[in-house]
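J.:
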Amino acid sequence: MRIVHVITRLIVGGAQENTVLTCEGLAQRGHDVYLWAGPTTGPEGSLVPRVERAGRSPNGAYAYEEFPDLVRQISPACELRALAALRRRLEQLRPDVIHTHSSKAGILGRIAAHRAGVPVIVHTVHGMSFNRTQAWPARALYAALERFCARRCHKIVSVADAMTRQALEAGVGRPDQYVTVRSGMVTADFDPARYEGREVRRAWGMPDDAVVVGTVARLFENKGYEQLIEAIPRAVQAEPHLRFVWIGDGAHRAKYEAELVRRGLRDRVTITGLLPPEEMPRVLSGMDLVAHASQWEGLPRAVVQGMLMGKPAVCFDLDGAPEVVIPGETGELAAPGDVGAFADAIVKLARDAALRARCGEQGRRRCLLEFDHHRMVDALEGLYRSLRK
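Each residue of the sequence shown is one higher than the last, beginning at 7 in my numbering.
(1) What's the call for Thr139, buried or exposed, on a 16-neighbour Cβ count within 10 Å?
(2) Which residues does DSSP list as the beta-bridge partners of Trp252?
(3) Helix, strand or coil for Leu16? Go by DSSP, reduced to three states.
(4) From the DSSP output, in three-state form, read off Met382 for me.
(5) What residues are listed by DSSP as bridge partners for Pro333?
(6) Helix, strand or coil for Tyr201, going by three-state DSSP, please let me know.
(7) Report yes or no: do the stretch 248-259 and the stretch 210-225 share at least 3 C-beta pairs separated by less than 8 Å?
(8) Evaluate the contact criterion for the stretch 268-280 versus the stretch 383-395: three or more CB pairs, one atom per stretch, below 8 Å.
(9) I think Gly337 touches Val320, with their Cβ atoms under 8 Å apart; what is that distance to the nearest whole Å?
(10) The alpha helix (DSSP H) that contains Cys155, what's its start and end?
(11) To test your reading of the DSSP string, which unbroken beta strand (DSSP E) runs of 3 or more residues are found completely within the stretch 260-320?
(12) Please tell me whether Ala166 and Asp384 are closer than 8 Å, where the distance is taken between their beta carbons.
(13) Can you tell me which of Arg100, Glu72, Arg372, His37 puts its alpha carbon nearest to the alpha carbon of Leu53?
(14) Looking only at its own chain, which residues have a Cβ that is under 8 Å from the Cβ of Ala67, when we skip the five neighbours before and after it?
(15) Given that a residue counts as buried once 16 or more other Cβ atoms are within 10 Å of its Cβ, and exposed if not, what is Val289?
(16) For Ser164, which residues does DSSP report across the bridge?
(17) Quick one: Cα of Arg116 to Cα of Glu152, how far?
(18) How close, in whole Å, do the beta carbons of Leu41 and Val57 come, if the pair is a contact with beta carbons under 8 Å?
(19) Can you give me the Cβ contacts of Ala347 inside the same chain, cut-off strictly under 8 Å, excluding the 5 residues immediately before and after it?
(20) Using a Cβ-Cβ cutoff of less than 8 Å, which residues in the same chain neighbour Val345 once the five nearest sequence positions on both sides are dropped?
(21) Is Phe226 helix, strand or coil when you go by DSSP?
(22) Taking the alpha-carbon of Val242 as reference, which of Asp350, Cys84, Ser135 has the nearest alpha-carbon?
(23) Could you pull out every residue in the same chain whose Cβ sits closer than 7 Å to the Cβ of Met315, ignoring the five residues on either side in sequence?
(24) For Arg188, count the other beta carbons within 10 Å of its own beta carbon; 16 or more makes it buried, fewer makes it exposed. Which is it?
(25) Throw me the rounded Cβ distance for the Gly190 and Met382 pair, which I believe falls under 8 Å.
(26) Is the beta carbon of Arg87 less than 8 Å from the beta carbon of Ala43?
(27) Could you spell out the range, first to last residue, of the beta strand (DSSP E) harbouring Val103?
(28) Quick one: using the 10 Å Cβ neighbour count with 16 as the cut-off for buried, is Val267 buried or exposed?
(29) By the DSSP assignment, the alpha helix (DSSP H) with Glu72 in it spans what residues?
(30) How far does the beta strand (DSSP E) with Leu41 in it reach, from first residue to last?
(31) Our contact map puts Pro45 next to Pro74 with C-beta atoms below 8 Å; I'd like the distance itself, whole angstroms only.
(32) If we ignore side chains and look at the alpha-carbon of each, how far apart do Ala168 and Gly304 end up?
(33) Thinking just about the alpha-carbon of each residue, which of Arg8, Asp378, Gly112 is nearest to the one in Leu27?
(34) Per DSSP, Val126 forms a beta bridge with which residues?
(35) Is it buried or exposed for Pro143, if we count other Cβ within 10 angstroms and need 16 for buried?
(36) Could you check where the alpha helix (DSSP H) with Lys354 kicks off and where it finishes?
And the structure:
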């Protein structure tokens, strides 16, 4: 099959890693695969070098193309040019399948594909384009656009059942359009036996008796850092051995660092900056638990990766998080917005090494079964074939 994947940006992020792994897997199975994206800018890092290396690979190469007008920010002029460019390339290439990802690429890509007569149009919801963090006008606009685009595609893939429920409640698509396919990763890379966590902790300057709470996310709004900063004083007061490490970078880094200094917490938090995805197993090995306070996310890959490394997780009970974070079994959940409960959940796990070990083991078993990238590619390839019949 000739298959085109379209995504807005190739920053270092969950939706992007999912898409790249899918393209690699499909190409290795002999499909003619194309990956299209807009320009990648900002402090979040880029997956473009990896994609370009794959294009030179003798095994499973796929073609990458950048569309300059496919940009994240709202710009009617850019959107019209991007829509025209996508349609033009689709009419030239005549793919069997187009699979879109992320909000802007999902909207423009589906409209372009419908107008170009692409026989199979698929979209993945990694996180809803309309969500509780937005102002009402933006939320209403994106919901209307998603309803419009759902009528112009054949299947909508959700990374979590919660995404399907939210979309249907907003009138986006029909129940029979949806299928859940977990966001796959190379689970074989996440083997706790291969890493020495104590060395990682020493490199971070952590005391030997520290309980290390890790967060892997862009330093940006809605990723939950505001809530983490609120939770840390309460958690540290209850459990003085707590130390925190944040893996990532982003536009709000200076703001968060200044707030940590203002609150007298800077010595409690190590910020590593951006690290490449292949470093994640090693850095996760240095943590005792993962705290992910995101306010809007489909199903956080960082939580799954932590579980694959045997680390329990603390999350807010929203979106796809409760599909993997089972209280008392794989981690702990706090009610959305309840920062005190979030801090208490961290303390509960920090004080009980046996509970951490038990939750970590159960989480690892669960995620090994559900999140292997081969399973994801199998499901998507099967979906494409079924839609072509």
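Beta carbons are placed, not taken as given, at the ideal position from N, Cα and C, and that holds for glycine.
T.: In this structure, then:
(1) For this step, residue 139 is matched to residue 133 along the sequence shown. Flag for Thr139 reads exposed.
(2) Looking up residue 252 in the sequence shown gives position 246. Secondary-structure assignment with DSSP links Trp252 through a beta bridge to Thr221, Ile277.
(3) The sequence position of residue 16 within the sequence shown is 10, counting from 1. If DSSP states are grouped into helix, strand and coil, Leu16 belongs with coil.
(4) As a first step, residue 382 is located in the sequence shown; it is residue number 376 there, counting from the start. Met382: helix per DSSP, three-state reduction.
(5) Numbered from its first residue, the sequence shown carries residue 333 at position 327. Answer is Gly337, bridged to Pro333.
(6) Taking the sequence shown and counting its residues from 1, the one referred to as residue 201 is at position 195. Per DSSP, reduced to three states, the secondary structure at Tyr201 is coil, with no helix or strand assignment.
(7) yes
(8) no
(9) In the sequence shown, the residue the question calls residue 337 occupies position 331. In the sequence shown, the residue the question calls residue 320 occupies position 314. Contact holds; Cβ gap of about 6 Å.
(10) In the sequence shown, the residue the question calls residue 155 occupies position 149. Residues 142-156.
(11) 275-279, 295-298
(12) Translated into positions along the sequence shown, residue 166 becomes position 160. Translated into positions along the sequence shown, residue 384 becomes position 378. For Ala166 and Asp384, no; Cβs fall outside 8 Å.
(13) Sequence index remark: in the sequence shown, residue 53 carries index 47 (1-based). The shortest C-alpha separation from Leu53 is found at Glu72.
(14) For this step, residue 67 is matched to residue 61 along the sequence shown. Taken in chain order, the residues that qualify are Ala33, Ala60, Gly61.
(15) Position 283 of the sequence shown, counting from 1, holds the residue named residue 289. Val289 comes out buried.
(16) Here the question's residue 164 lines up with position 158 in the sequence shown. Val131, Thr186.
(17) To locate residue 116, count along the sequence shown from 1; it is residue 110. To locate residue 152, count along the sequence shown from 1; it is residue 146. Straight through space, the alpha carbons of Glu152 and Arg116 are spaced by roughly 10 Å.
(18) If you number the sequence shown from 1, residue 41 lands on position 35. If you number the sequence shown from 1, residue 57 lands on position 51. With a contact defined as Cβ atoms closer than 8 Å, Leu41 and Val57 qualify at about 6 Å.
(19) Walking along the sequence shown from the start, residue 347 turns up at place 341. Answer for Ala347: Ala340, Ala341, listed in chain order.
(20) Here the question's residue 345 lines up with position 339 in the sequence shown. If we look at Val345 and ignore the five residues flanking it on each side, its Cβ neighbours are Gln233, Glu236, Ala237, Arg240.
(21) The residue given as residue 226 occupies position 220 in the sequence shown. Phe226 falls in the coil class under three-state DSSP.
(22) Counting from one through the sequence shown, the residue named residue 242 turns up at place 236. Val242 has its Cα closest to that of Asp350, out of Asp350, Cys84, Ser135.
(23) On the sequence shown, residue 315 is found 309 positions in, with the first residue counted as 1. Phe196, Pro198, Pro287, Leu290, Ser291.
(24) In the sequence shown, the residue the question calls residue 188 occupies position 182. Buried, since its Cβ has 16 or more Cβ neighbours within 10 Å.
(25) As a first step, residue 190 must be located in the sequence shown, where it is residue number 184. As a first step, residue 382 must be located in the sequence shown, where it is residue number 376. Rounded, the Cβ-Cβ distance is 3 Å, consistent with contact.
(26) As a position in the sequence shown, residue 87 is number 81, starting the count at 1. As a position in the sequence shown, residue 43 is number 37, starting the count at 1. No; because the gap between Cβ atoms is not below 8 Å, this pair is not in contact.
(27) Indexing the sequence shown from 1 puts residue 103 at position 97. Membership of Val103 in the beta strand (DSSP E) is indicated by the continuous run 103-107.
(28) Taking the first residue of the sequence shown as position 1, residue 267 is located at position 261. Classification of Val267: exposed, given that the 10 Å Cβ count is below 16.
(29) Sequence index remark: in the sequence shown, residue 72 carries index 66 (1-based). No alpha helix (DSSP H) holds Glu72; the beta strand (DSSP E) holding it covers 69-72.
(30) As a working mapping, residue 41 is identified with position 35 in the sequence shown. It spans 38-43 - the beta strand (DSSP E) in which Leu41 sits, taken as one unbroken run.
(31) Taking the sequence shown and counting its residues from 1, the one referred to as residue 45 is at position 39. Taking the sequence shown and counting its residues from 1, the one referred to as residue 74 is at position 68. Sure, about 6 Å apart at Cβ, within 8 Å.
(32) The residue you call residue 168 lines up with position 162 of the sequence shown. The residue you call residue 304 lines up with position 298 of the sequence shown. Approximately 8 Å, taken between the alpha carbons.
(33) Here residue 27 is taken as the residue at index 21 of the sequence shown, counted from 1. With distances taken between Cα atoms, Leu27 lies closest to Asp378.
(34) Position 120 of the sequence shown, counting from 1, holds the residue named residue 126. Looking at the DSSP assignment, Val126 forms a beta bridge with Val103.
(35) Taking the first residue of the sequence shown as position 1, residue 143 is located at position 137. Flag for Pro143 reads exposed.
(36) Numbered from its first residue, the sequence shown carries residue 354 at position 348. Per DSSP, Lys354 belongs to the alpha helix (DSSP H) from 345-357.
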